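Written below as structure tokens is the structure these notes are about.
4 protein chains.
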Amino acid sequence: MENNPRKAAGRPRSEEAREAILLAALAILVREGYENLSIEGVAREAGTGKSTIYRWWGGRGDLAVDAFFATIDETPDLPETGSAEEDFRTQINGMARDLRGPPGRAFAALLMGGRESPTVSAAVRKRWLDPRRDWARMRMARAAEAGELLPGVEPRAALALLYSPLYSPLLFGNTIPPAQDLSACFDLAARTIFRREKA
Amino acid sequence: MENNPRKAAGRPRSEEAREAILLAALAILVREGYENLSIEGVAREAGTGKSTIYRWWGGRGDLAVDAFFATIDETPDLPETGSAEEDFRTQINGMARDLRGPPGRAFAALLMGGRESPTVSAAVRKRWLDPRRDWARMRMARAAEAGELLPGVEPRAALALLYSPLYSPLLFGNTIPPAQDLSACFDLAARTIFRREKA
Amino acid sequence: MENNPRKAAGRPRSEEAREAILLAALAILVREGYENLSIEGVAREAGTGKSTIYRWWGGRGDLAVDAFFATIDETPDLPETGSAEEDFRTQINGMARDLRGPPGRAFAALLMGGRESPTVSAAVRKRWLDPRRDWARMRMARAAEAGELLPGVEPRAALALLYSPLYSPLLFGNTIPPAQDLSACFDLAARTIFRREKA
Amino acid sequence: MENNPRKAAGRPRSEEAREAILLAALAILVREGYENLSIEGVAREAGTGKSTIYRWWGGRGDLAVDAFFATIDETPDLPETGSAEEDFRTQINGMARDLRGPPGRAFAALLMGGRESPTVSAAVRKRWLDPRRDWARMRMARAAEAGELLPGVEPRAALALLYSPLYSPLLFGNTIPPAQDLSACFDLAARTIFRREKA
DNA sequence: GACTAAACGAGACGGTACGTCATGTCTTGGG
DNA sequence: CCCAAGACATGACGTACCGTCTCGTTTAGTC
């Protein structure tokens, strides 16, 4: 029951145009990379005018952010089993799945865009990093409470150790590591973080 | 029996111009970021003609690579003590020192440039990643031989675990983590990788 | 037996809007020239919607025409004394008065608009030129009948000679000549056109 | 024997491009009028880049001026016979010939452009009006000296009377009057200006 | 000491994209 | 049916760089 400033006069925004623009932007992002994502190109491919893009987005950075997140379930329900280790493994694998393939290229492009515009990096932090990190911190705190952590484990360092192997290859290779490698890293890290039940 | 390919007729390359260009490129890179590094800007700032740049470099990517590596000792002699753990810690801290501050921003910019041009990412791999990774693999193999590793540690995963926390923050924050955080991560990782002497 | 074509259903045209639009258009015309007369600008300044303008006028040309003629008495009663020379002098001075100053600039702008749209030039001819020319032709014919013309004077050429000096400076200087200059020209022309009574 | 500031470094201006641009501009000016003369259109038609146009001309006004004057002999040698009346008739007919047809449309367009930009109207004055007016004033002064003028003729008014009928129709009809009409006007005006030899 | 040849600065060239603005059309809700 | 508001596709604006090109100049080695 939202009561906007009365009603919003004038012709309503075209949902068609909005979608065409986001689709075109995503396609170009994946196909040609952030460097070659131009507003004119998007307008051409989407069959819209440039001004329609500038009316709703601030520039190619904003556009790239929205285009990427249109492909992503922004607030996935994260399961919570009894085991913190299992929960983290599930989340990390899920993120890897989200980012692998074309969306991964878009994501890498997006991070790149972050250097060009603080808006973009803020948006990425706010819409990707923060929710996932918040969840992770909370889960880690609960694990500590439940005595699931080994003694002397600092939560912040533990999180860095668990997540970094997922992201860092983007810097050099543009790709998310394969599931097997990721698992090996996770297992190794988990060994030094989580208390395991004695067999 | 001519020693060189003849002797290179004509006016020799101007060392002055080369240095002015690299300096200008680095300055712009650090001051304004990769996005705003333009060939025209470099030529203007260096007081050279554009063609001199295009003669020796393929584009702004190539130029950025050279400008960055001009600030870095490309093949540092890595010490080797008896302890693998100490050696890795030394190397990682050294890399962090190299990348922290302005050069770090240049490095991030460089990695970004990698998406735009395969030449750049190849150069980064060849001049940064490969030598460091080669050393690390070798050192890790020697550690395994010497029985310094805990049982069940896969070298590849171990390396990923050790190095990722250094790089991944570049993706989101444009910075290298502070020494303290890095140490905490390293210690945590080391605990699951290296066999420690019993007290 | 309905008196009007039906009665015109629906909301009646807003006289307020019409006037606001014409006023705004005239103001912009005088203040910023025809070049900078934009429909959007008029709508903004008049506080109306663009479509209201497009509904009633064909474009900025039409609008300029109406705005200009709103400042002019379109069919002034022309006096007729016994002397053709005096009557012409009176009319020409009257026209000069109408066109001098801001309205003159608007008029020049209007003529300029004529090149862009045949509608405009037709309107200018119909609402400015034709009534004045018709009067002049009639007066000249009557003068011929009354024997006021010198022998060998072709009416068409005589009219051109009398009126041209009023208009032609608009082309180069954007202004109507001062009264004194105009008088000198008129006197000179009159000498070769009108028979003067012997003293 | 001009000694420029040494030599003019850099690639020399392309004469080809200059000509293609002027030709295209003139063609558009004549074909579509000043209103529809756009820099982009000229660049498209001339096969050049926009920047080449902006490098050498300040805008469409400047361009139109140059395009028009490229078709006109800017400083025609004016004959001088013994008779001032004949000389003026020759000059006026020559101007009419210059302006009739396509160049006339371009000229009208140009005058229109004068309202939009003071640069243009200054250029038109400087390159068209002034030389012709200067010549006319001088010739008129010489005629006065030689006693060719009727008594009481003010040179300024006489010039206005002679030249106005040529220009003023441009305002309403876009065309230069036909030779016959022009002659009639000229004869009528001449009768009140020049002393004629007794038969 | 002239000749050859490449690198140099300068800067013009045809392009592409930028972000802004006005066009004329349309689609709402409300009077 | 009119009106205001304002979104829409279109297209020109003037700017900034792109990467290529064409100059005249400079700086070596080679004859």
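Chains as they are written, first to last, in the numbering used here: chain D, 20 to 218; chain B, 20 to 218; chain V, 20 to 218; chain S, 20 to 218.
A virtual CB, placed ideally from N, CA and C, is assigned to each residue, including glycine.
Since the structure is predicted, the reported quantities are computational estimates derived from the model, not experimental observations.
* **Helix, strand or coil at S/LEU48 [DSSP, three-state]** => Taking the first residue of the fourth sequence as 1, we reach residue 48 of chain S at position 29. If DSSP states are grouped into helix, strand and coil, S/LEU48 belongs with the helices.
* Residues bridged to S/LEU11 by DSSP? -> Nothing in the structure corresponds to residue 11 of chain S, since chain S is present only between 20 and 218.
* **Straight-line gap, D/GLY171 to D/ILE212 (C-alpha atoms, nearest Å)** => Along the first sequence, read from residue 1 onward, the residue named residue 171 of chain D stands at position 152. Along the first sequence, read from residue 1 onward, the residue named residue 212 of chain D stands at position 193. Each residue's Cα considered, the two are about 9 Å apart.
* Asked: Quick one: does B/ALA218 have its CB under 9 Å from some CB of chain D?
  -> Against the second sequence, residue 218 of chain B aligns to sequence position 199. Low local confidence applies: a pLDDT of 47 at B/ALA218 is under 50, so the model's placement there is unreliable, and no value is given.
* Buried or exposed: which applies to S/MET20, given that a residue is buried once 16 or more other Cβ atoms fall within 10 Å of its Cβ? -> Indexing the fourth sequence from 1 puts residue 20 of chain S at position 1. Reliability of the predicted coordinates at S/MET20 is poor, the pLDDT of 40 falling under 50, and the value obtained from them is presented with this limitation in mind. Answer is exposed; the Cβ neighbour count stays below 16.
* Check B/ILE195 in the structure and name its three-state DSSP category. => Looking up residue 195 of chain B in the second sequence gives position 176. Correct three-state label for B/ILE195: coil.
* Thinking C-beta only, is V/GLU105 closer than 9 Å to S/ALA203? -> What you label residue 203 of chain S is simply residue 184 of the fourth sequence in a count that begins at 1. What you label residue 105 of chain V is simply residue 86 of the third sequence in a count that begins at 1. No; because the gap between Cβ atoms is not below 9 Å, this pair is not in contact.
* Asked: Cα-Cα, which of V/LEU41, V/GLN110, V/ARG210, V/GLY29 is closest to V/TRP75?
  -> By 1-based counting over the third sequence, the position of residue 75 of chain V is 56. Minimum Cα distance to V/TRP75 is reached at V/LEU41.
* Asked: Should D/PHE107 and D/LEU181 be called a contact, given that it needs their Cβ atoms to be closer than 9 Å?
  -> The sequence position of residue 107 of chain D within the first sequence is 88, counting from 1. The sequence position of residue 181 of chain D within the first sequence is 162, counting from 1. Contact: yes.
* To do: Could you check the C-alpha separation between S/GLU167 and S/ARG215 for me, to the nearest Å?
  => As a first step, residue 167 of chain S must be located in the fourth sequence, where it is residue number 148. As a first step, residue 215 of chain S must be located in the fourth sequence, where it is residue number 196. S/GLU167 and S/ARG215: Cα-Cα distance of roughly 8 Å.
* Asked: Do D/ALA39 and D/GLY66 have their C-beta atoms within less than 9 Å of each other?
  -> Here residue 39 of chain D refers to the residue found at position 20 of the first sequence. Here residue 66 of chain D refers to the residue found at position 47 of the first sequence. Contact check for D/ALA39 against D/GLY66 passes: the beta carbons are separated by less than 9 Å.
* Inter-residue spacing [alpha-carbon to alpha-carbon] between V/ASN112 and V/TRP154 -> What you label residue 112 of chain V is simply residue 93 of the third sequence in a count that begins at 1. What you label residue 154 of chain V is simply residue 135 of the third sequence in a count that begins at 1. One C-alpha to the other measures close to 15 Å.
* chain S beta carbons: is any one of them nearer than 9 Å to that of V/MET131? -> Position 112 of the third sequence holds residue 131 of chain V. So, interface residue.
* Asked: What residues of chain V sit near S/VAL172, judged by a beta carbon separation below 8 Å?
  -> The count along the fourth sequence starts at 1 and reaches residue 172 of chain S at position 153. Per Cβ cutoff of 8 Å: LEU207.
* Contact between the segment 82-94 of chain B and the segment 39-58 of chain B: three or more CB pairs below 8 Å? -> yes
* **Within the segment 115-183 of chain S, ranges of the alpha helix (DSSP H) (whole runs, at least 4 residues)** => If we require 4 residues or more, the alpha helix (DSSP H) runs fully inside the segment 115-183 of chain S come out as 121-135, 137-143, 149-164.
* To do: Please name the residue, chosen from B/GLY29, B/TRP147, B/LEU190, B/GLN110, that lies closest to D/LEU134 on a Cα-to-Cα basis.
  => Indexing the first sequence from 1 puts residue 134 of chain D at position 115. Looking at the sequence provided, one finds Arg at residue 134 of chain D rather than Leu. Looking only at B/GLY29, B/TRP147, B/LEU190, B/GLN110, the smallest Cα-Cα distance to D/ARG134 is reached by B/LEU190.
* **Contact set between the segment 72-99 of chain V and chain S, restricted to residues whose Cβ is under 7 Å from the partner** => Residues passing the 7 Å Cβ filter: none.
* What three-state label does DSSP hand B/LEU185 in the structure shown? -> For this step, residue 185 of chain B is matched to residue 166 along the second sequence. In this structure, B/LEU185 counts as helix in the three-state DSSP scheme.
* **D/ALA103 vs D/ARG175 beta-carbon contact at 9 Å** => Stepping through the first sequence from its first residue, residue 103 of chain D is reached at position 84. Stepping through the first sequence from its first residue, residue 175 of chain D is reached at position 156. 9 Å or more divides the Cβ of D/ALA103 from the Cβ of D/ARG175.
* Pull out every residue of the segment 47-71 of chain B whose Cβ sits closer than 9 Å to any Cβ of chain D, in chain order. => GLY52, TYR53, GLU54, ASN55
* To do: Taking only beta carbons into account, state which residues of the segment 164-188 of chain D come closer than 9 Å to chain B, listed in chain order.
  => LEU169, GLY171, VAL172, GLU173, ARG175, ALA176, ALA177, ALA179, LEU180, TYR182, SER183, PRO184, LEU185, TYR186, SER187, PRO188
* Taking the Cβ atom as the reference point for each residue, do B/ALA83 and B/ALA43 lie within a distance shorter than 9 Å? -> Translated into the one-based positions of the second sequence, residue 83 of chain B becomes position 64. Translated into the one-based positions of the second sequence, residue 43 of chain B becomes position 24. No.
* From which residue to which residue does the alpha helix (DSSP H) around S/GLY60 run? -> As a first step, residue 60 of chain S must be located in the fourth sequence, where it is residue number 41. Here the alpha helix (DSSP H) through S/GLY60 covers 58-65.
* Got a sec: is the Cβ-Cβ distance from B/GLU135 to anything in chain D below 9 Å? -> Indexing the second sequence from 1 puts residue 135 of chain B at position 116. With 9 Å as the cut-off, B/GLU135 counts as an interface residue toward chain D.
* **Amino acids of chain S, ordered along the chain, whose beta-carbon sits closer than 8 Å to that of V/VAL143** => Along the third sequence, one-based indexing puts residue 143 of chain V at 124. Neighbourhood of V/VAL143 in chain S, by CB distance below 8 Å: PHE191, in chain order.
* Which residues in the same chain have their Cβ closer than 7 Å to the Cβ of D/ALA36, if we skip the five residues on either side of it in sequence? -> As a position in the first sequence, residue 36 of chain D is number 17, starting the count at 1. A distance below 7 Å between beta-carbons, with the five flanking residues on each side excluded, links D/ALA36 to the following residues of its chain, in chain order: THR67, THR71.
* Using a C-beta cutoff of 9 Å, does S/LEU45 count as contacting chain V? -> Position 26 of the fourth sequence, counting from 1, holds the residue named residue 45 of chain S. Closer than 9 Å: no.
* Work out the CA separation of D/ASP200 and D/ARG119 for me, nearest whole Å. => Along the first sequence, read from residue 1 onward, the residue named residue 119 of chain D stands at position 100. Along the first sequence, read from residue 1 onward, the residue named residue 200 of chain D stands at position 181. The straight-line gap from Cα to Cα measures roughly 14 Å.
* Is there at least one Cβ from chain D nearer than 9 Å to B/PRO196's Cβ? -> Start at 1 with the first residue of the second sequence, and residue 196 of chain B comes out as number 177. Yes, B/PRO196 counts as interfacial toward chain D.
* S/ALA128 touches chain V at which residues, Cβ-Cβ below 7 Å? -> Residue mapping note: residue 128 of chain S aligns to position 109 of the fourth sequence, counting from 1. Near S/ALA128 (Cβ distances below 7 Å), the residues of chain V are ARG134.
* To do: Can you tell me the Cβ-Cβ gap for D/ALA209 and B/LEU207, rounded? I've got them flagged as a contact below 8 Å.
  => One-based indexing of the first sequence puts residue 209 of chain D at position 190. One-based indexing of the second sequence puts residue 207 of chain B at position 188. About 11 Å; that fails the 8 Å criterion.
* Alpha-carbon to alpha-carbon, V/ALA142 and V/ASN22 -> For the purposes of this step, residue 22 of chain V is taken as the residue at position 3 of the third sequence. For the purposes of this step, residue 142 of chain V is taken as the residue at position 123 of the third sequence. Bear in mind that the predicted position of V/ASN22 carries a pLDDT of just 47, short of 50, making it unreliable; the figure below should be weighed with that in mind. As the crow flies, the alpha-carbon of V/ASN22 is around 30 Å from that of V/ALA142.
* Roughly how far, in whole angstroms, is the beta-carbon of S/TYR53 from the beta-carbon of S/GLY132, given that I think they are within contact range, below 8 Å? -> Position 34 of the fourth sequence holds residue 53 of chain S. Position 113 of the fourth sequence holds residue 132 of chain S. With a Cβ gap of about 5 Å, S/TYR53 and S/GLY132 count as contacting.
* **Contact set for D/PRO196: own chain, Cβ-Cβ below 6 Å, skip 5 residues either direction** => Indexing the first sequence from 1 puts residue 196 of chain D at position 177. So the list reads PRO188, once near-sequence residues are dropped.
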